[in-house]
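Protein chains in written order, with numbering that gives the first Met the number 0: chain Y, 0 to 306; chain R, 0 to 282. We put the beta carbon where it would ideally sit given N, CA and C, even for glycine. This one's a predicted model, so the numbers in the text were calculated from it and none came from an experiment.
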Amino acid sequence: MTLVVATEHFAGPPEWTWYILFYFFLAGLAGGCYFLATLLRYWGTAADEAVARIGFYVALPATLLGAILLTLDLKQPLRFWHMLFNTTPGQFGLNFNSTTPMSVGVWALLVASLFAAVSFIDALARDRRGRAILRGAAGMAWSVVGSIVYLFIAGYTGVLLSVSNQPIWSDTWALGGLFLASGLSGAAALLLLLSRNRSGVEATRGVLESSEALFTVLELVLLVLVLLTLIDDGTLGKALSFPWLLLWLAALAGMLPALGGLTGRRFRATSGGAVAAARLQAWALGPTLVLLGVLALRAWVIFTAQH
Amino acid sequence: MATNIVPGKAYGFFTDTSVCIGCKACEVACKEWNQLPATDNGFLGDSLDNTGTLDGQNWRHVKFIDNVPDETMGTGNGKPFLLMSDVCKHCTHASCMDVCPTGAIIRTEFDTVFIQGSVCNGCRNCIAACPYDVIDIDPQQDVARKCTLCYDRLQGGMEPACAKACPTESIQFGPLDELREKAEKRLAQVHAQGTSEANLYGHDEKVYGGLHAFFLLMDKPEAYKLPVAEDAVLPQRNNLGGYLGLVGTAVVGLFGAIFALRNRGSVARGAPPPEPPSPGAAP
């Protein structure tokens, strides 16, 4: 009796490569940064505001750069707006195809950019003029809704891959969750990296370190789920074949610093640990490794299915 | 007898691979009518096939599937090659249409699937979705292209160029219902001649709701790189699971972040370490 029935795939690769890889990377980071920034501002302490602003500062350029990469990946970049408007003769109007995450994602990206732009300007206003644009309950509602959109942005890219007939991608339902969890841990690492030389943010960094560790545990669970679903469809061997296995290992290695608390101040407790921690912070080694792991994870998923 | 082609009726191809002789007249006719350039693939060294695959500039491809047996076969049993003139299947439930974000892929008045070159922006989502590896980017126009089932010829009341050029009537064009009847009769004939493994692929609703280009095959579908009915599934099947996974992760992530905020970093650091004394500090 055959326990595993391999799904046959004869679909050709779409040749989504570098532009898409970095777009997925940026989408994860932008989504995670906006989400964490909102939490820090509205559910943290006053001391968390400095890092929250960094998060809002990151979300907009990361989103815009991602959108540019996405456009450049099109074979007809000047027709990027065809995603939004139907140009079929006689059928002019807005374009929306709910059966493909690509269409849903383009609209979400547009909406997210709006939220990020306002939050960016708000952070500038707070820094330059000491006055907030997003104030009170309305400001909080704005950021919460923006966070929901951005959580979608961070993870829909995985769903987009699954909604295909490609090997590996279409054999698992867990890619969306995996990309979201990885984007969140990457965002925490990025905020740790960008706040490393700031004073008075030690407490916030502790929150980020904890978040990063928890998000990484979630990411690890989802990675196992992805592999299990691939076993079920008989494509695990392809997913872990050489040389793509190296990317998978790199993604796994990127999780270790967060899991081991390497990015934190843990070593201070040991003899001579203060010096080690200071060096690690100066080199920004831990967060950098986490970010490289986030990139490697996406590279593994993207490239392994298309070879 | 020429087919009377009228809008509003479903048309398609019935390709009888048992009579294909691999002459590639269909490939040439397709390229000539659609003004597709000849491509220099070099020498592929792959049997008699030097086209390689369907792509943005090859909308018909005669597959030569090397099936030379290890031992000499008896009279009438030898099948050194499986030949098949492959083409877009113009699926009733088309994966490419399912995922096109621009609305470039439409169903015509002849119930065929057509990519509007002026609307496509080359996102390649249809390539990722097509289970038959039919669609590809035309490097000259930088948009996704494939067989149109000679949409322009149909509009002019003419049958597609490949069917017109086929010297053995391996490729037959006509109204879908008539073609299905013909195919059933032909299958019975082939079975009666002793080729019991012959089968029809895509003539009924089991594969993508029925293919508008369906086939009489001389071996199982996998031998021709055609997904069997159980694997003929639409990409949208993964929407629900994918989005649920995303929402579940978002909820767990939210709780994780709130937990981290409440515990102010104790998870990563363990118990708060004592601050190291700074050298030279006053006691």
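Original post:
Expressed to the nearest angstrom, what Euclidean distance is found between the alpha-carbon atoms of A124(Y) and E48(Y)?
Top reply: Rounded to whole angstroms, A124(Y) to E48(Y) spans 13 Å at the Cα level.
Subject >> Residue-chain proximity (A238(Y), chain R), Cβ-Cβ < 8 Å >> reply: No - not a single Cβ of chain R is within 8 Å of the one on A238(Y).
Original post:
What do you reckon, are the CB atoms on F172(R) and F12(R) nearer than 8 Å?
Top reply: Contact annotation: F172(R) and F12(R) have beta-carbon atoms nearer than 8 Å.
**OP:** Take the Cβ of L38(Y) as the centre, count every other Cβ of all protein chains shown within 10 Å, and call the residue buried at 16 or more, exposed below.
**Re:** Buried, by the Cβ-count rule.
Original post:
chain Y beta carbons: is any one of them nearer than 8 Å to that of P130(R)?
Top reply: Yes, P130(R) lies at the interface with chain Y (some Cβ there is under 8 Å from its Cβ).
Subject >> Same chain only: Cβ atoms within 6 Å of T52(R), ignoring 5 sequence neighbours per side >> reply: Correct list: empty, nothing qualifies.
**OP:** With DSSP as the reference, please indicate the residues paired to S84(R) in a beta bridge.
**Re:** According to DSSP, S84(R) shares a beta bridge with V61(R).
**OP:** Could you tell me which of Q235(R), E31(R), T91(R), C99(R) sits nearest to N94(Y), measuring between CA atoms?
**Re:** Checking every option, the nearest Cα to that of N94(Y) belongs to C99(R).
**OP:** Report the three-state DSSP secondary structure of V112(R) (helix, strand or coil).
**Re:** Correct three-state label for V112(R): strand.
Original post:
How big is the Cα-Cα spacing for L186(R) and L215(R)?
Top reply: One C-alpha to the other measures close to 7 Å.
Original post:
Just the Cα atoms here: how many angstroms apart are A140(Y) and I147(Y)?
Top reply: Cα to Cα, A140(Y) sits roughly 11 Å from I147(Y).
Subject >> Residue-level contact to chain Y via CB, R179(R), 8 Å cutoff >> reply: The C-beta of R179(R) comes no closer than 8 Å to any C-beta of chain Y.
Subject >> 6 Å CB neighbourhood of V142(R) in its chain, flanking five on each side removed >> reply: Counting only Cβ-Cβ distances below 6 Å, and skipping sequence neighbours, we find G116, C119, G121.
Subject >> Local Cβ density within 10 Å of S97(Y), reported as buried at 16 or more and exposed below that >> reply: Its Cβ having fewer than 16 others within 10 Å, S97(Y) is exposed.
Original post:
From G65(Y) to R52(Y), what does the alpha carbon distance come to, in whole angstroms?
Top reply: Rounded to the nearest angstrom, the two C-alpha atoms are 20 Å apart.
Original post:
Is the CB of A249(Y) under 8 Å away from at least one CB in chain R?
Top reply: For A249(Y), no Cβ of chain R is located within less than 8 Å of the residue's own Cβ.
Subject >> Rounded separation between D137(R) and Q56(R) - CA only >> reply: Here the alpha carbon of D137(R) sits roughly 6 Å from the alpha carbon of Q56(R).
**OP:** Mind checking the stretch 36-70 of chain R against chain Y and listing, in chain order, the residues whose C-beta falls within less than 7 Å of any C-beta there?
**Re:** So nothing in the stretch comes that close.
Original post:
Within the 8 Å Cβ cut-off, does R78(Y) reach chain R?
Top reply: So yes, R78(Y) belongs to the interface.
**OP:** Output the distance between the C-alpha atoms of N262(R) and A45(Y), rounded to the nearest integer angstrom.
**Re:** Those two C-alpha atoms are separated by around 16 Å.
Subject >> For G31(Y) and A153(Y), believed in contact at Cβ under 8 Å, the rounded distance >> reply: With 8 Å as the limit, A153(Y) and G31(Y) qualify as a contact, their Cβ atoms being about 6 Å apart.
**OP:** List the residues of chain R that P13(Y) touches, going by C-beta distances under 8 Å, in chain order.
**Re:** Here the neighbours are R123, N124, I126, A127.
Subject >> T16(R) (DSSP reduced to helix, strand or coil) >> reply: It is helical.
Subject >> Contact belief for V144(Y) with P100(Y) at Cβ below 8 Å, rounded distance in angstroms >> reply: The beta-carbon distance between V144(Y) and P100(Y), rounded to whole angstroms, is 20 Å. This is too long to meet the 8 Å contact definition.
**OP:** Grab the span of the alpha helix (DSSP H) containing R297(Y) for me, first residue to last.
**Re:** Run containing R297(Y): 284-305, per the alpha helix (DSSP H) assignment.
Original post:
When burial is assigned at 16 or more other CB atoms within 10 Å of the CB, is A10(Y) buried or exposed?
Top reply: Counting the other CB atoms within 10 Å of its CB gives A10(Y) a total of 16 or more, which places it among the buried residues.
**OP:** Thinking T2(R) and E158(R) are a contact (beta carbons under 8 Å), I'd like their distance in whole angstroms, please.
**Re:** By a beta-carbon distance limit of 8 Å, T2(R) contacts E158(R). Their separation comes to about 6 Å.
**OP:** Answer yes or no: does any C-beta atom of chain Y fall closer than 8 Å to that of P282(R)?
**Re:** Note that P282(R) scores 31 on pLDDT, short of 50, meaning its location in the model is unreliable; the coordinates nonetheless yield the value given after this. False, the Cβ-Cβ gap to chain Y never drops below 8 Å.
Original post:
Among the residues of its own chain, which have a CB less than 7 Å from the CB of G156(R), if the five just before and after it don't count?
Top reply: Taken in chain order, the residues that qualify are I4.
**OP:** Kindly indicate the opening and closing residues of the beta strand (DSSP E) around N198(R).
**Re:** Here the beta strand (DSSP E) through N198(R) covers 198-200.
**OP:** Find out if the Cβ-Cβ distance for the pair A186(Y), L59(Y) is shorter than 8 Å.
**Re:** In this structure, L59(Y) does not lie closer than 8 Å to A186(Y) by Cβ.
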